[in-house]
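First residue of the sequence shown? That's 1 in UniProt numbering, and the numbers climb one at a time after it.
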Amino acid sequence: MTRKILVLPGDGIGPEITAQASRVLAACQARGLDIEVEEAPVGGAAYDAEGSPLPESTLAKARAADAILLGAVGGPKWDKLEDIGKRPEKGLLGLRKELGLFGNLRPALLYPQLAEASSLKPELVAGLDIMIVRELTGGIYFGQPRGIEERDGQRVGYNTYVYSEAEIERIGRVAFEMAQKRGKKLCSVDKANVLEVTMLWREVMERLAPEYPDVELSHMYVDNAAMQLVRAPKQFDVVVTGNMFGDILSDAAAMLTGSIGMLPSASLNESGQGMYEPCHGSAPDIAGQNIANPLATILSVAMMLRYSLGEAELAERIEAAVGQVLDDGLRTADIASTGTETVTTEAMGDAVLAAFEAQ
Ligand code: NAD
Ligand code: IPM
Ligand code: MN
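Structure below.
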């Protein structure tokens, strides 16, 4: 059966990095992977072309796709848009919400070749392999009421941090199951010393624990978790947390692996449909220069093959190809040591393809 893949390049470096990842997808196709690939606009590019960051036609194609590959959205050009519903980021949030992509997997894995590129000492990160499970369709990102309004003669802004038991249980199960397949350690990150919503979060995680007796559950406050991530990151195996804490902690964890340009992600719904994207943004500061690191996006293709297409072997082949180019010393600027030679986005794509073909 032919599977449908939708590619959403987006803004900034989005088109540059998805172009390289699409070449890897095409190489899989040439090896017999039965897929049909289509592109559609999202984010600022879609707003400019059609007046909406998530046009109906893009959403319809996304619903019909077996898997989606997204580059990144956003940029200074659209930051001044008054209507928050028209902002590029709303295109991404709308896709996540509309498709019910509540389970966000963000693996922070250190390729040993990049130990020197990490912002921590090599001995602190050698062998680092953390899976952050971030709840993606709830929490303060989506809670109601929200807004900016006039109160007592001045404007106030407000958002609502809310999770239902069902939402917590659903992401908790994803995390416990992930821990069972990995090192059997799960750390739930919250702010249960202050926020009721995360007191409930902690309670639900505790309630689930007896169903997964082989998993050791621990809890940590988010401020401590941020500190522990940069103090001794290897203490973590699987981390489960809410939408906003997960956003912040995953960017911090990314740097431990050398660069945010190395961190892929999968966002899954209850029927196994997934959207795959690098954890980083549209990097307006380097857009259009052919210097962005495409590896997070290429590794997101590997996650797509593993989690949505049931093609673990092809996924491993891509990951091995990435390992090979790093062994060969290829570095985009973000992962290069000072003074060493760097390659372009495109040259990195060429090298991954060549390594993929050579296997
Ligand atoms: P960012 O991740 O775009 O960039 C942060 C820094 O990391 C920049 O210096 C950038 O050059 C660098 N960087 C990011 N990806 C890189 C790569 N692949 N290779 C080399 N360097 C890379 O975050 P930001 O600057 O806070 O946000 C810029 C825009 O992106 C904003 O509009 C924001 O809303 C949006 N954003 C989108 C997504 C997404 O689409 N998933 C994620 C985060 C931010
Ligand atoms: C991410 C991004 C998004 C988020 C933004 C662009 C909406 O930072 O995917 O990490 O906050 O989830
Ligand atoms: Mn983020």
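Just so you know, even glycine gets a beta-carbon here, dropped at the ideal spot from N, CA and C.
It should be emphasised that the depicted structure is a prediction, and the values quoted were computed from it without experimental measurement.
- Under the three-state reduction of DSSP, residue 122 is assigned to helix.
- Relative to the ligand IPM, the beta carbon of residue 214 is positioned no closer than 6 Å to any heavy atom.
- Distances between the C-beta of residue 81 and the heavy atoms of the ligand IPM are all 6 Å or more.
- DSSP places residue 191 in the coil class of the three-state scheme, outside both helix and strand.
- Within a 10 Å sphere around the beta-carbon of residue 148 sit fewer than 16 other beta-carbons, which makes this residue exposed.
- Here residue 264 is buried: its Cβ has 16 or more other Cβ atoms, across all protein chains shown, within 10 Å.
- Contact annotation: residue 91 and residue 287 have beta-carbon atoms that are not nearer than 7 Å.
- Any heavy atom of the ligand IPM counts here; residues with a Cβ closer than 5 Å to one of them, in chain order, are 89, 247.
- Exclusion of the five residues before and after residue 159 leaves 140, 143, 146 as the residues of its chain whose Cβ lies within less than 7 Å of its Cβ.
- DSSP places residue 221 in the strand class (E or B) of the three-state scheme.
- Here the alpha carbon of residue 43 sits roughly 6 Å from the alpha carbon of residue 10.
- Taking residue 40 as reference, the option from 171, 33, 34, 14 with the minimal CA-CA separation is 14.
- Of all C-beta pairs linking the region 82 to 96 to the region 118 to 133, fewer than three are shorter than 8 Å, placing the two stretches out of contact.
- Beta-bridge analysis with DSSP links residue 179 to no other residue.
- Assignment of residue 241 by DSSP, reduced to helix, strand and coil, places it in the strand class.
- With distances taken between CA atoms, residue 248 lies nearest to 189 out of 189, 117, 309.
- About 4 Å separates the beta carbon of residue 302 from that of residue 315, a gap short enough to meet the 8 Å contact definition.
- In the DSSP annotation of this structure, residue 108 is not part of any alpha helix (DSSP H); the continuous beta strand (DSSP E) holding it starts and ends at 103 to 109.
- Under the three-state reduction of DSSP, residue 273 is assigned to coil, being neither helix nor strand.
- By alpha-carbon distance to residue 64, the top candidate from 132, 297, 38 is 38.
- Under the three-state reduction of DSSP, residue 163 is assigned to coil, being neither helix nor strand.
- When beta bridges are read from the DSSP output, residue 22 appears opposite no residue.
- For residue 44, the secondary structure class from DSSP, reduced to helix, strand or coil, is helix.
- Contact between residue 293 and residue 255 does not hold, since their C-beta atoms are separated by about 13 Å, which reaches or exceeds 8 Å.
- Nearest Cα to residue 109 within the set 173, 30, 233: 233.
- Contact check between the region 169 to 185 and the region 220 to 232: fewer than three CB pairs, one atom from each, fall below 8 Å, which does not count as touching.
- Between residue 185 and residue 216, the gap from beta carbon to beta carbon is short of 7 Å.
- Nearest neighbour of residue 331 by Cα position, chosen from 310, 17, 304, 291, turns out to be 291.
- Relative to the ligand NAD, residue 258 has its C-beta separated by 6 Å or more from all heavy atoms.
- The C-beta separation of residue 327 from residue 20 comes to about 19 Å, leaving the pair out of contact by the 8 Å criterion.
- The Cβ atoms of residue 178 and residue 239 do not sit closer than 7 Å to each other.
- Within its own chain, the residues whose Cβ lies closer than 7 Å to the Cβ of residue 191, once the five positions on either side in sequence are excluded, are 198, 221, 222, listed in chain order.
- Per the coordinates, the alpha-carbon of residue 342 lies some 48 Å from the alpha-carbon of residue 208.
- DSSP places residue 350 in the uninterrupted alpha helix (DSSP H) bounded by 345 to 357.
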